[in-house]
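Residue numbers (our numbering): 1 to 654. The beta carbon of each residue, even a glycine, is placed where N, CA and C say it ideally should be. First comes the structure, then the notes that go with it.
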Amino acid sequence: MADFILNSHLLSNLTIAVAYATIPLTVLLHFNFFPNAARPLIGLAAAFVLSCGVGHLLEGLHQADILQYWHWLTACISCISALAFAVVLPQQLRRNAILGTIIENIPIGLGLLREDIDRRGQRRLRWQLASNRAIVDLGQELCGRWFDETILGQSSDLAIETFLDVLDTSHPILRHELEICHPLSGELETYLLSCVSLPGKHLWILWQDVTARKAAYTSLSEATAQLEWQATHDYLTQAGNLVLFDRLQIQEPKRFSGLLSINLDRFKNINETMGHDIGDVLLQSLVERFQAQLRSGDVVVRTGADAFLILLETTDDRIDLEALTQQFYAEIRRPFLCRDREIQIDASIGFVDHAAGDLAQMRIAGDIAMQVAKSNPLGKRIVVWTPDLMEQVRDRQTIALDLERALQRLHSGSSEFELYYQPIVQLDDPSQCYEVEALIRWVSPNLGWVSPGIFIPIAEQTGAIAQISDWVIEQAIRQVSRWVNRLRIAVNVSPWDLEREGFAERIVGLCHQYDVMPSRIALEVTERAVTDKQEHFAIALKQLSSAGIRLKIDDFGTGDSGLGRILEGRWSEVKIDRSLLPESSRDLGRIAICRAIANLCHDLNIRSLAEGIETEDQRLLLRELNIQDAQGFLFAKPMTEQHLADAGWVILAS
Ligand code: C2E
Ligand code: MG
Ligand code: MG
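Here is the structure:
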C-alpha cells in the first residue's frame, strides 16, 4: 500500500508536471502568432507555468531539499510575471487602445484581416478591424462583405490567392489600382490599394478613393493634349503648323523621304474678289483633300496663308513619290464648290526627295523648287529640285528687286523701259504691214539689258505686271494715236491683267482719251493662259470684244488646249508659235499641224499668223498652207518708233 501511495504520488505529480510543461511549450511553439509587444509577458507566464511543472516533478521524486530552492525560484518567476503583467499590460492595453483609435479615425480606408480556415478547409481572410473611413466608404454593413463581394468578387487578377500570396511573404507589400463598382452608390470608383503582411497571418489592407484625383488627372491630361494639339495645329484648316514642323525637324529629321512645298497661285485674288469667307472654306476643303490622300505617317503643314508642306514618310514599300505629287496636284486642280460657287485654283509645287538632306534642308530645297515653278506661272506647275535651282532663284530675286526699283522710278517720270515695235505683214505680200506688235524693252543701270522673256514672268509672280501692263498699254495707245497711216497695234497682256477689276474699262477709256478707234488695238494672250484661266477672265474678254478691241491667242501650240479651245473665245487671230513652224518641206509633221490650224481658223473666220519666220523657204511653205499673216526677223526685227518710221513702216504725225 505504502508502495502504491508512493508510486501514485510520483505518478500524479508527474502527470501534473507533464500538463504544466505542455501548456507553455504549446504556447512557445506558436510564439510567432503573438504581437511583438506581448511576447515577453507570454514568455514570463510560460516560464512560470513550466517552473510549476518542474516543481511537481521534483515533488514526485521526493527531492525535498532541491524543492525548497525550487519553490523560491518559482515564486520569483511568478512575482516577476505578476509585476510585469501589472506594469506592462495596462500600458500595452493603452497603446492598443490609442492605436485602435488612430486606426478608427485615420482618414483612409484601413482594415486588418487575418487568415482563417473555413469549414470546408479553405483558406480565407477574416476582418478584424476597420477604420471609420472604411465604414463611411462601405456603409455600416462593414467592410467584410464589401471586401468579399466587391474586391475579391470583381477583380479576377486580385483574387484571394494574391492576398494570401502577400501573407506567404513572397510579396510582403502589394500596390494595386483597382476600379470597382461601389456597392452603395453603384458608381465606378478607383481605389489605390496597398496590402502589407504582418506576423501572425495578419494582413493590413489600406485603400484610398482616388476617383476624384484620377478624374482630375484624366481631364488634366486631356486638357494638356488639347492644348498641345492647338499649339501644333492650324486653327482654320486643322493642318499642322510651323511649331509641329519645327518639332519634327528636331526630333525626326530623317523620317521623311519626300517633301512638297505648295503655294497657291494668286489666292489673294480669291480673297479679294469673293471674300475671305469663301477663301477660308476653300482652304479647309483643300486640306481635307490633302488629308484624304495622305498615308498614315504623312503630314500636312500650313506654313502661310496659302502655303503648305506635305511631308511624305519613308516606307518599306517603294512608292513613286513623283506620281504621288501628281495626285496632290490633281486634287488642287479639281474644282471646288464653295457656297454654291465653283472655283478652280492652281498652285506652284516644289518637290524634293531626301537627297537634299534632312528635313530642314528638304524644306529649303522644296521652297526653292516651288519659287521656280511660281516664277513661271504659265510654265510647269511642279518643279523637281536639283542643286542648280538655287542659282536661278538668287538671280530671280535680284531681278525682282531691281524691277521694283525701276517701277518706282517710273512714278518720278524717268523710265528705264521702252516700247519696240515689230511689224506684222501679209504672208503673200510682206511689204503690206497692217499692224505692229509692241514689245517692251528694259535696260537696267545695274543689270543691263534684261529680256522680257525673263522679267515678265517674274513681274507676274511679284504682281509688278499690273504696273508694267498699265504703262505699256497707255504708251501703245498714245503712240498709235500719232501714226497717221492708221497702223494698228497689238499689245501683250498677262492673264492676271484680265482678272483685274476695271481692266477692260480702263483700255476703252484710254482709247477715248487718245481718240483711237478700239479696233486699232489688239490684245495678245498666251495660249497657256487661255487654257488655264479662260473662265476667270471670260467677262473681261466679252467686255473688250464688245468694245471692238481685238483679241489674239499668242504662242498657239505651246499649251495643251487643243484646237477646239479656239471656238470658246472671241478671238480674232491665232498666232502660231515659232516652235511649230516647219523648217523645210520635209518637216511633214509640223506642216500637217500648221495646215490643220490654218484650215480650222479659216473655217471659223479667224485670222492665222505664223510668228518667228526667219527664212524665205519658211514663208513660201507657210503661204502654201493658207496662213494669212506673218511676223519674224525675215521681215523686220522689233525696233524703236523712230526706226519704224525711218524704214517706212509707219508715218508719224508731224
Ligand atoms: P511674244 O509675244 O510671242 O513676242 C514675240 C517674241 O518673238 C519677241 O520676243 C520677238 O522679239 C521674238 N521674235 C519675233 N520674230 C522672231 C524671229 O523671227 N526669230 C526669233 N528667234 N524671235 C522672234 P521678245 O521681245 O523677247 O518677247 C518675248 C516675250 O515676252 C513675248 O513673246 C511676250 O510674251 C513677252 N512680252 C514682250 N513684251 C511684253 C509686254 O509688253 N507685256 C507683256 N505682258 N509681255 C511681253
Ligand atoms: Mg505676243
Ligand atoms: Mg508669241
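Reduced DSSP category for residue i - H, G, I as helix; E, B as strand; rest coil
i: G121; result: coil
i: D320; result: coil
i: T26; result: helix
i: Q631; result: strand
i: D603; result: helix
i: R623; result: helix
i: S261; result: strand
i: L188; result: strand
i: D157; result: Any reading at D157 is ruled out, since the residue's pLDDT is 45, under 50, leaving its predicted position unreliable.
i: D277; result: helix
i: Q326; result: helix
i: I382; result: strand
i: R255; result: coil
i: R95; result: helix
i: Q140; result: Because the pLDDT at Q140 is just 46, under 50, the model does not fix this residue reliably, and the value given afterwards should be weighed accordingly. Q140: coil per DSSP, three-state reduction.
i: S494; result: coil
i: L282; result: helix
i: V336; result: Inspection of the sequence shows that residue 336 is occupied by Phe rather than by Val. Strand at F336.
Residue interval of the alpha helix (DSSP H) (run including residue i)
i: W483; result: Segment: none, W483 is in no alpha helix (DSSP H) and carries neither H nor E.
i: G60; result: R39 to G60
i: V508; result: F503 to Q513
i: T398; result: L389 to H411
i: T462; result: P452 to T462
i: L580; result: Element bounds for L580: n/a, residue is neither H nor E.
Nearest candidate by alpha-carbon position, reference residue i, set the options
i: M639; options: V18, Y434 and I440; result: I440
i: E179; options: L167, H202 and K214; result: K214
i: A598; options: Q628, E614, P582 and R619; result: Q628
i: L112; options: I103, H56 and V508; result: I103
i: W649; options: E573, K552 and I489; result: I489
i: P582; options: V574, R619 and F417; result: R619
i: V480; options: H512, R500, Q467 and S494; result: H512
i: I349; options: L510, S414, D265 and P387; result: D265
i: I77; options: V472, D165, V49 and L510; result: V49
i: I250; options: A360, E187 and M517; result: A360
i: P387; options: F351, S451 and W204; result: F351
i: F308; options: D603, E322, I278 and L260; result: L260
i: I507; options: P495, V525, Q543 and N485; result: Q543
i: L29; options: G448, G200, E435 and L510; result: G200
i: L523; options: D429, C338, V574 and G304; result: V574
i: L407; options: W471, V87, N271 and L634; result: W471
i: F85; options: S51, L44 and S585; result: L44
i: K254; options: Q397, F31 and D353; result: D353
i: M736; options: A504, L510, L337 and N605; result: Because the chain is modelled from 1 through 654, residue 736 falls outside the range shown and cannot be assessed.
Through-space distance from residue j to residue i, alpha-carbon basis
i: D346; j: P335; result: 10 Å
i: A21; j: N96; result: 30 Å
i: I42; j: H202; result: 19 Å
i: R120; j: L110; result: 28 Å
i: I589; j: L580; result: As written in the sequence, residue 589 is Gly, which differs from the Ile given in the question. So the alpha carbons of these two residues sit roughly 9 Å apart.
i: G733; j: V18; result: This structure cannot settle anything about residue 733, because the visible part of the chain is limited to 1 through 654.
i: A610; j: V281; result: 45 Å
i: T211; j: V27; result: 46 Å
i: R528; j: Q642; result: 33 Å
i: S654; j: Y420; result: 20 Å
i: I343; j: L403; result: 32 Å
i: L164; j: W207; result: 17 Å
i: Q128; j: H9; result: 47 Å
i: D577; j: G453; result: 14 Å
i: L487; j: K374; result: 37 Å
i: I16; j: L89; result: 28 Å
i: W72; j: L193; result: 55 Å
Span of the beta strand (DSSP E), counted from its first residue to its last, around residue i
i: Q422; result: F417 to Q426
i: E228; result: It is not in any beta strand (DSSP E) - E228 instead sits in the alpha helix (DSSP H) that spans T211 to T232.
i: F308; result: A307 to E313
i: D353; result: A347 to D353
i: A522; result: I521 to T526
i: A438; result: C433 to S444
i: R669; result: Given a span of 1 to 654 for the chain in the structure shown, any question on residue 669 remains unanswerable.
i: T237; result: From DSSP, T237 is part of no beta strand (DSSP E); its letter is neither H nor E.
i: K575; result: E573 to I576
i: R341; result: R341 to I343
i: I553; result: R550 to F556
i: R302; result: V299 to G304
Discussion item. Using a strict less-than 5 Å threshold between each residue's beta carbon and the heavy atoms of ligand 2, what residues do you get?
Written reply: That gives N492, E524 and D554.
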